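Single-structure report; data block below.
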Amino acid sequence: MRVVSGIKPTGNLHLGNYLGAVKQWVSMQDEIQQQGGETLYFIADLHGLTEWIAPAELAANTIEMTATLIAAGIDPERSVLFNQTRVPQHSELAWLLNNVARVGWLNRMTQFKDKAGKNREGASVGLYDYPVLMAADVLLYNGTHVPVGEDQKQHLELARDIAAKFNLDYGTELFTQPEPMVSKAAPRIMSLRDASSKMSKSNPSVQARVNLIDDDATIAAKFRKATSDADALPQDVAGLADRPEAKNLVTIYAALADVTPEQVIADHAGQGFGAFKPALADLAVATLGPIRDRMVRLLDDRAEVSRLLDRGAEKARDLAAPNLLAAQRAMGL
Ligand code: ADP
Ligand code: NA
């Protein structure tokens, strides 16, 4: 079992990114390795180019994302942690696979339609083609399992089709068909001000979002001031159904404490938000504070973070090189 997963280097990570993405990677690392498998995690800096970003910002985001992952519990000794660019085989295999993938297949990708919107002619070729790079990201390592959210299922199907067509066209069994890995559903975290919109780096109010870089007092204040309602917590989770603010705060509590919402309700039923919000604030500070401290310490020495990426890339290249060579040989290169 070899799990391969990438994350785009976006800056200014918030609690939604942590609970919905980063924390999932950390628990996957532990679960997969307990089963004797391997985890490869990469910062998808090449995918970061598909929509324009200032070069200095992209560079900083890559280092900050790496520091965040390590601070949150990804262990560069146990997982192969690297950024795509330092493993040139990603780009090289993507070009080979570009000649296997069909234009008709890419035309069906709904993500391109969503992201390009009405301006399809003005979108970059990279935005159109990035599912092929995603296929290369996984096939390069003969990844067996890929954790996928709903929005990425179609891209994994494409990777499977590309693997099958490559094997057929070139009379080889080189590429393994990666399987989707349905991990524990990631919680969806909503804004602390308006629970009808998700917590996002584009929330207009800074009060709506807890950033991983926030200091303890800021974290606590944001939870104490979070929008809630006047009722006490219900006796069971069904009672949260039409109380989006209450539901969001219980969801956050459960995710931070690593328990189910049912457990949170069992422990706090009947409690009003005057008591629950300070309890949540304490829990958030206790959980997020140490991650922030580790992140800040790592970012004190960005060159060292970069060296960690170099070491990860070295391991990744060792795994990637023979597969790329085999693909080149199969194609007559
Ligand atoms: P944003 O919406 O802030 O721009 P991204 O789209 O860059 O965040 O998402 C990066 C990762 O974080 C993705 O895996 C995404 O599913 C996850 N994520 C983002 N916002 C949330 C949220 N509010 N709740 C749960 N997961 C989230
Ligand atoms: Na998003």
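Using the working numbering, you'd call the opening residue of the sequence shown number 18 and step up by one each time. By construction, the Cβ of each residue, glycine as well, lies at the ideal position given by its N, Cα and C atoms. All figures in this text were calculated on a predicted structure; none of them were measured in a lab.
Item: Buried or exposed for Asn116, please, with buried defined as at least 16 other CB atoms from any protein chain shown within 10 angstroms of its CB.; Value: exposed
Item: Quick one: is the Cβ of Ile206 within less than 6 Å of any heavy atom of the ligand ADP?; Value: yes
Item: May I have the straight-line CA-CA distance separating Pro197 from Gly160, to the nearest angstrom?; Value: 11 Å
Item: Go to Ala268, then tell me how far its alpha helix (DSSP H) extends in each direction, as first and last residue.; Value: Sequence inspection shows Thr at residue 268; the Ala mentioned does not correspond to that position. Per DSSP, Thr268 belongs to the alpha helix (DSSP H) from 261-274.
Item: So does the stretch 290-298 actually touch the stretch 227-243, counting three or more Cβ pairs closer than 8 Å?; Value: yes
Item: May I have the straight-line CA-CA distance separating Met348 from Asp154, to the nearest angstrom?; Value: 19 Å
Item: Evaluate contact between the stretch 78-97 and the stretch 303-322, counting only Cβ atoms and requiring at least three cross-stretch pairs below 8 Å.; Value: yes
Item: If we count the other Cβ atoms within 10 Å of its Cβ and call it buried at 16 or more, is Glu262 buried or exposed?; Value: buried
Item: Kindly give me the distance between the Cβ atoms of Val254 and Tyr270, rounded to whole angstroms, as I take these residues to be in contact under 8 Å.; Value: In fact, because the Cβ distance is near 12 Å, the residues do not count as touching under 8 Å.
Item: Reducing DSSP to helix, strand and coil, say where Thr83 ends up.; Value: helix
Item: For Pro221, does the three-state DSSP call read helix, strand or coil?; Value: coil
Item: In the DSSP assignment, find the unbroken alpha helix (DSSP H) run with Glu174 in it and report its ends.; Value: 170-186
Item: Look at the alpha carbon of Met151 and the alpha carbon of Asp248, and state the distance between them as a whole number of angstroms.; Value: 47 Å
Item: Using only the heavy atoms of the ligand ADP, determine whether one of them is closer than 6 Å to the beta carbon of Thr27.; Value: yes
Item: Does DSSP put Leu98 in a helix, in a strand, or in coil?; Value: strand
Item: Check whether the stretch 100-110 touches the stretch 125-138, taking contact to mean three or more Cβ pairs, one atom from each stretch, closer than 8 Å.; Value: no
Item: Name the two residues that bound the continuous beta strand (DSSP E) containing Gly23.; Value: 19-24
Item: What did DSSP end up calling Val59 once you bin it into helix, strand or coil?; Value: In the sequence on display, residue 59 carries Phe and not Val. Of the three classes helix, strand and coil, the one that applies to Phe59 here is strand, per DSSP.
Item: Is Met216 near the ligand ADP, going by C-beta to nearest heavy atom under 6 Å?; Value: yes
Item: Between the C-alpha atoms of Gln194 and Ala111, what's the straight-line distance to the nearest angstrom?; Value: 16 Å
Item: So, with DSSP's three-state summary, where would you put Asn228?; Value: strand
Item: Check whether the Cβ of Asn34 sits closer than 6 Å to any heavy atom of the ligand ADP, and report yes or no.; Value: yes
Item: Suppose the cutoff is 8 Å on Cβ atoms and the five residues either side in sequence are ignored; what does the same chain contact list for Lys215 look like?; Value: Gly33, Arg205, Ile206, Met207, Ser208
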